[in-house]
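Peer 1: Numbering (the working numbering), first residue to last: 151 to 367. Backbone N, C-alpha and C fix where the C-beta goes; we use that ideal spot for every residue, glycine too. From a predicted model like this one, the values you see are computed outputs, not experimental measurements. A single structure is presented below for examination.
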Ligand code: TYD
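Written out as structure tokens, the structure is:
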């Protein structure tokens with residue numbers, strides 16, 4: 151890698167994004183000897199993780215949707231300034247589990263806040279700093295919800311997982327609209343395929359985008 155790059159993974163709950171990320175990291179390490187900077191939202195650094203705790207606390211049922219949207223944007227601001235941008239500028243490959251597209255999809259559509267307002271507070275937070283490439287791991291809402299149910303024993307069930315099927319469907323549609331509007335940046339990947347297949351597709355796309363170099367044979 152000659153230059154730092156910023157890649158994000160997005161998708162509805164239960165899309166398998168985190169498993170795909172782990173597999174992808176292994177492939178990048180095995181084939182290219184690169185250890186990307188891996189981070190997530192909300193969170194990514196001390197301040198961000200504290201904001202995450204507030205947002206996802208199951209006891210915070212009173213949280214107003216705009217409060218929630220502002221907290222996500224606040225966490226993101228800190229993430230860009232303290233974690234993502236410095237690492238990219240230092241020539242690293244940064245991969246984040248969720249970023250601004252999640253806010254547009256979740257807060258902008260599912261929560262009935264006009265999407266323009268969600269975009270505005272996020273523009274304030276990120277100042278135009280967008281990923282070089284985004285992988286949208288797409289699964290139908292029923293598949294995502296089914297996977298969440300199955301994983302309940304192994305993964306903490308958070309406040310947002312409790313939302314209805316309709317919410318999950320709206321979120322998925324919003325993600326797909328974003329991908330349609332920004333096809334250069336956002337690649338839709340079929341998340342019903344195996345983790346290996348999805349990770350392989352992401353890996354190939356990183357090569358296509360010149361972020362990773364093709365292996366010499
Ligand atoms: P997390 O446990 O990280 O879920 P996942 O493994 O699916 O990413 O919780 C993050 C939750 O926060 C998830 O339900 C999506 C939601 N979210 C938003 O609503 N807006 C945002 O801007 C971000 C980053 C996440």
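Spell out the partners DSSP gives residue 156 in its beta bridges.
Peer 2: On the chain shown, position 6 is the one that residue 156 refers to. Per DSSP, 244.
Peer 1: Give a yes or no on contact between the stretch 246-263 and the stretch 197-204, applying the rule of three or more CB pairs nearer than 8 Å.
Peer 2: No, because fewer than three Cβ pairs between the stretch 246-263 and the stretch 197-204 fall closer than 8 Å, the two stretches do not touch.
Peer 1: So what's residue 335 in DSSP terms, helix, strand or just coil?
Peer 2: Taking the first residue of the chain shown as position 1, residue 335 is located at position 185. Three-state DSSP puts residue 335 in coil, outside helix and strand.
Peer 1: Run through DSSP, which three-state label would residue 262 get?
Peer 2: Position 112 of the chain shown holds residue 262. Note: residue 262 maps to coil in three-state DSSP.
Peer 1: Is it the case that the Cβ atoms of residue 162 and residue 318 are separated by a distance below 8 Å?
Peer 2: If you number the chain shown from 1, residue 162 lands on position 12. If you number the chain shown from 1, residue 318 lands on position 168. Yes, the pair counts as a contact, with Cβ atoms nearer than the cut-off.
Peer 1: Am I right that residue 325 and residue 160 are in contact with their C-beta atoms under 8 Å? What's the rounded C-beta distance?
Peer 2: As a first step, residue 325 is located in the chain shown; it is residue number 175 there, counting from the start. As a first step, residue 160 is located in the chain shown; it is residue number 10 there, counting from the start. With a Cβ gap of about 6 Å, residue 325 and residue 160 count as contacting.
Peer 1: Looking at C-alpha atoms only, which residue of 349, 360 and 358 is the closest neighbour of residue 174?
Peer 2: Locating residue 174 in the chain shown gives position 24, counting from the first residue. Out of 349, 360 and 358, 349 has the C-alpha closest to the C-alpha of residue 174.
Peer 1: At 4 residues or longer, what runs of the alpha helix (DSSP H) sit wholly inside the stretch 195-253?
Peer 2: Counting only runs of 4 or more, we get 196-206, 215-228 and 235-239.
Peer 1: Just how far apart, CA to CA, sit residue 357 and residue 211?
Peer 2: Here residue 357 refers to the residue found at position 207 when the chain shown is read from its first residue. Here residue 211 refers to the residue found at position 61 when the chain shown is read from its first residue. Cα to Cα, residue 357 sits roughly 43 Å from residue 211.
Peer 1: Just to confirm, does residue 408 get its C-beta within under 7 Å of one of the non-hydrogen atoms of the ligand TYD?
Peer 2: Nothing in the structure corresponds to residue 408, since the chain is present only between 151 and 367.
Peer 1: Where does residue 268 fall in DSSP's three states?
Peer 2: Position 118 of the chain shown, counting from 1, holds the residue named residue 268. Residue 268: helix per DSSP, three-state reduction.
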